[in-house]
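*Asks:* Residue numbers 1 to 384, in full-length UniProt numbering, belong to the letters of the sequence shown in order. Sharing a structure with you now.
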Amino acid sequence: MSNPALRANKLFVQTFGTQADELYCAPGRVNLIGEHTDYNDGFVLPAAINFYTAVVVKRRDDLRFRAVSDAFPGEIEEWVFGEEGLPTANHWSNYLKGFTAAMATSGLAPKGLDVAVVSNVPMGAGLSSSAALEIAFGTAVNDCSQIKLSPLAIAQLAQRGENQFVGCACGIMDQMISALGEQDHALLIDCLDLDSEAISIPDSLSLIIINSNVQRGLVESEYNLRREQCEQAAAHFGLESLRDLDLATLEAGKADLSDNCYKRAKHVVTENRRTQNAAWALESGDIAKVSLLMAQSHRSMRDDFEITTTEIDYLVEIISNVIGERGGVRMTGGGFGGCVVALVDHALTDAVVEVVEKQYAEKTGLEADIYLCTASDGAKRIDD
Ligand code: ADP
Ligand code: MG
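This is the structure in structure tokens:
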């Protein structure tokens, strides 16, 4: 019984001794292009994937929440709405409590729920299991209490919960795509005004995610450092964010800018253009253009933003050699390890899998995990 929804129902009955009322699902995601652009008010192009978190719930008459997850067996988490207390470091329930705490701060008043969670989004692999959890839960709370928040508003509450309760300074991309994803589409998100546009992914392409399984270190400190350098570069030009900078102005005014801040700004400015161009190229089926833009994005992350590793560069190189112009490949996610994303002609899927299986472990001593995905719908209630 590998289906998360079925398993969540079973877990609910085992835990609470009664049948659940409703089932909600929310997907993980992969970002096709647009890295480290979100907190610079720029553009990102993620897709929701067919790995998802199922949340089954039963309405309660009071303001109490009780929650279990099969990822942390034996624990029943319990709290009262508006009385979430302080977060417990690194505890999974922070993602749920963060959501209800954010609702309380916003003056929203949901009813309590009993909740069982089961997911097949791998945790900590860069596919955003955390957003899938928050958005599945948030969608359930919203729907069961008939609060009628939009998917975007749910995403904003989830982000606030993650920022303020979990203590992770994430942007809004993960929550937005998990809430708003569309089957066979990516979502071009403008992080300045949170406007978004569904971009169709050509039928001819497979979506492959390869987890390098590189042990990620220094992620948080390097991430914070990059944010600071971007802020410094924007301030140097008297701008609120790098969104408003163009390449000509950057080149003309770079003299007094540190080399690192210049390179970080160059990545962000060029990545914003590439992301918009990639969306239009995808929409019009121009795969060679998508291929070029993804390659340029990877080089920019490697040389200017300096967030790749030798193992990740190697993965991109061997896949790129196999697919040529018939697909694109790049690192995806915050960097220093994590995943590579490839959009390739279906006919090349086996060749990509084969080259990774044959060459990656031999060269690096690491075993990659390969996920064959499809772009999927965002969060929804599943009616039977
Ligand atoms: P990512 O979002 O890239 O998978 P994060 O570190 O942001 O990695 O989030 C992973 C954390 O989210 C887990 O350690 C856990 O606390 C929580 N989480 C994700 N999925 C589940 C789940 N199915 N059940 C309980 N907690 C989960
Ligand atoms: Mg996460």
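Don't be surprised by glycine CBs; every beta carbon is placed ideally from N, CA and C. Keep in mind it's a predicted model, so treat the numbers as computed, not measured.
1) When every heavy atom of the ligand ADP is checked, does at least one fall within less than 7 Å of the C-beta of Tyr-39?
2) CB-CB under 7 Å to Ser-150, same chain, minus the five flanking residues each way: which ones, in chain order?
3) Taking the beta carbon of Met-1 as the centre, do at least 16 other beta carbons fall within 10 Å, making it buried, or is it exposed?
4) Counting only the same chain and skipping the five closest in sequence on each side, list residues whose C-beta sits under 7 Å from that of Tyr-166.
5) Return yes when the C-beta of Phe-12 is under 7 Å from any heavy atom of the ligand ADP, and no when it is not.
6) Near His-236, what residues of its chain come up, given a Cβ to Cβ distance below 6 Å and the 5 sequence neighbours on each side ignored?
7) From the DSSP secondary-structure annotation, give me the bridge partner or partners of Trp-79.
8) Is Ser-130 near the ligand MG, with its Cβ less than 7 Å from a heavy atom?
9) Start and end of the beta strand (DSSP E) containing Arg-299?
10) Roughly how many angstroms lie between the CA atoms of Gly-253 and Ala-234, to the nearest whole one?
11) Per the contact definition of three or more C-beta pairs closer than 8 Å, is the segment 51-61 in contact with the segment 72-84?
12) With H, G and I counted as helix, E and B as strand and the rest as coil, what does DSSP make of Arg-29?
13) Might you give, ordered along the chain, the residues of its own chain that have their beta carbon closer than 8 Å to the beta carbon of Asn-321, omitting 5 neighbours on each side?
14) Give the range of the beta strand (DSSP E) segment to which Pro-151 is assigned.
15) Bridge partners for His-36 per DSSP, in chain order?
16) Contact defined as beta carbons within less than 8 Å: I believe Leu-293 pairs with Ile-199. What is the distance between those atoms, to the nearest angstrom?
17) So is Glu-240 buried or exposed if we call it buried at 16+ other beta carbons inside 10 Å?
18) Answer yes or no: do Ile-318 and Gln-359 have a C-beta to C-beta separation smaller than 8 Å?
19) Suppose the cutoff is 8 Å on Cβ atoms and the five residues either side in sequence are ignored; what does the same chain contact list for His-185 look like?
20) Can you tell me whether DSSP reads Phe-237 as helix, strand or coil?
21) Could you tell me the alpha carbon to alpha carbon distance between Val-115 and Asn-163, rounded to whole angstroms?
22) Using C-beta distances below 7 Å, list every residue in its chain close to Thr-364, excluding the 5 sequence neighbours before and after it, in chain order.
23) Less than 7 Å separating the Cβ of Leu-133 from some heavy atom of the ligand ADP?
24) Any heavy atom of the ligand MG inside 7 Å of the beta-carbon of Asp-174?
25) Which whole-angstrom value is the C-beta distance of Pro-214 and Thr-309, which I expect to be below 8 Å?
26) Return yes when the Cβ of Leu-127 is within less than 8 Å of the Cβ of Gly-28, no when it is not.
27) Which stretch, first to last residue, makes up the alpha helix (DSSP H) that contains Ile-135?
28) Using only the alpha-carbon positions, how far apart do Ala-155 and Ile-189 sit?
29) Using the C-alpha atoms, what's the distance from Ala-169 back to Ser-221?
*Replies:* Reading from the atomic positions:
1) Taking the sequence shown and counting its residues from 1, the one referred to as residue 39 is at position 39. Because no heavy atom of the ligand ADP lies under 7 Å away, the Cβ of Tyr-39 does not count as near it: no.
2) Residue numbering aside, residue 150 sits at position 150 when the sequence shown is read from its first letter. Correct list: empty, nothing qualifies.
3) Along the sequence shown, one-based indexing puts residue 1 at 1. Because Met-1 carries a pLDDT of 49, less than 50, the predicted location of this residue cannot be relied on, and no value is offered for it.
4) In the sequence shown, residue 166 corresponds to position 166, counting from 1. One detail in the question is off: residue 166 reads as Val in this sequence, not Tyr. If we look at Val-166 and ignore the five residues flanking it on each side, its Cβ neighbours are Pro-87, Asn-94, Tyr-95, Gly-98.
5) To locate residue 12, count along the sequence shown from 1; it is residue 12. No, the beta carbon of Phe-12 sits no closer than 7 Å to any heavy atom of the ligand ADP.
6) Taking the sequence shown and counting its residues from 1, the one referred to as residue 236 is at position 236. For His-236, where only same-chain residues beyond five positions count, the Cβ hits under 6 Å are Leu-257.
7) As a first step, residue 79 must be located in the sequence shown, where it is residue number 79. Phe-65, per the DSSP bridge assignment.
8) Within the sequence shown, the letter at position 130 stands for residue 130. Yes, the ligand MG has a heavy atom inside 7 Å of this Cβ.
9) Within the sequence shown, the letter at position 299 stands for residue 299. Where Arg-299 is concerned, there is no enclosing beta strand (DSSP E), although the alpha helix (DSSP H) it sits in stretches over 287-303.
10) For the purposes of this step, residue 253 is taken as residue 253 along the sequence shown, with counting starting at 1. For the purposes of this step, residue 234 is taken as residue 234 along the sequence shown, with counting starting at 1. Those two C-alpha atoms are separated by around 11 Å.
11) no
12) For the purposes of this step, residue 29 is taken as residue 29 along the sequence shown, with counting starting at 1. In this structure, Arg-29 counts as strand in the three-state DSSP scheme.
13) Along the sequence shown, read from residue 1 onward, the residue named residue 321 stands at position 321. Hits under 8 Å: Val-355.
14) Translated into the one-based positions of the sequence shown, residue 151 becomes position 151. That residue, Pro-151, is in no beta strand (DSSP E); its alpha helix (DSSP H) goes 151-161.
15) Walking along the sequence shown from the start, residue 36 turns up at place 36. DSSP lists no partner for His-36.
16) Within the sequence shown, residue 293 is the residue found at index 293, counting from 1. Within the sequence shown, residue 199 is the residue found at index 199, counting from 1. About 13 Å separates the two Cβ atoms, so there is no contact after all.
17) By one-based count along the sequence shown, residue 240 stands at place 240. Exposed is the call here.
18) For the purposes of this step, residue 318 is taken as the residue at position 318 of the sequence shown. For the purposes of this step, residue 359 is taken as the residue at position 359 of the sequence shown. Taking 8 Å as the Cβ cut-off, Ile-318 and Gln-359 qualify as a contacting pair.
19) As a position in the sequence shown, residue 185 is number 185, starting the count at 1. Ala-47, Ala-198, Ile-199, Ser-200, Ile-201, Ala-375, listed in sequence order.
20) The sequence position of residue 237 within the sequence shown is 237, counting from 1. In the structure shown, Phe-237 sits in coil (DSSP, three-state: anything other than H, G, I, E or B).
21) In the sequence shown, residue 115 corresponds to position 115, counting from 1. In the sequence shown, residue 163 corresponds to position 163, counting from 1. Their backbone Cα atoms lie some 23 Å apart in a straight line.
22) What you label residue 364 is simply residue 364 of the sequence shown in a count that begins at 1. Excluding residues within five positions, the ones whose Cβ falls inside 7 Å are Glu-311, Tyr-314.
23) Position 133 of the sequence shown, counted from the start, is the residue given in the question as residue 133. Yes.
24) Walking along the sequence shown from the start, residue 174 turns up at place 174. Yes.
25) The count along the sequence shown starts at 1 and reaches residue 214 at position 214. The count along the sequence shown starts at 1 and reaches residue 309 at position 309. Inspection of the sequence shows that residue 214 is occupied by Val rather than by Pro. Between Thr-309 and Val-214 the Cβ distance is about 5 Å, and since that is below 8 Å, they are a contact.
26) As a first step, residue 28 must be located in the sequence shown, where it is residue number 28. As a first step, residue 127 must be located in the sequence shown, where it is residue number 127. In this structure, Leu-127 lies closer than 8 Å to Gly-28 by Cβ.
27) As a position in the sequence shown, residue 135 is number 135, starting the count at 1. Start and end: 129-144.
28) Here residue 155 refers to the residue found at position 155 of the sequence shown. Here residue 189 refers to the residue found at position 189 of the sequence shown. C-alpha separation (whole angstroms): 13 Å.
29) Walking along the sequence shown from the start, residue 221 turns up at place 221. Walking along the sequence shown from the start, residue 169 turns up at place 169. Their Cα atoms are separated by approximately 12 Å.
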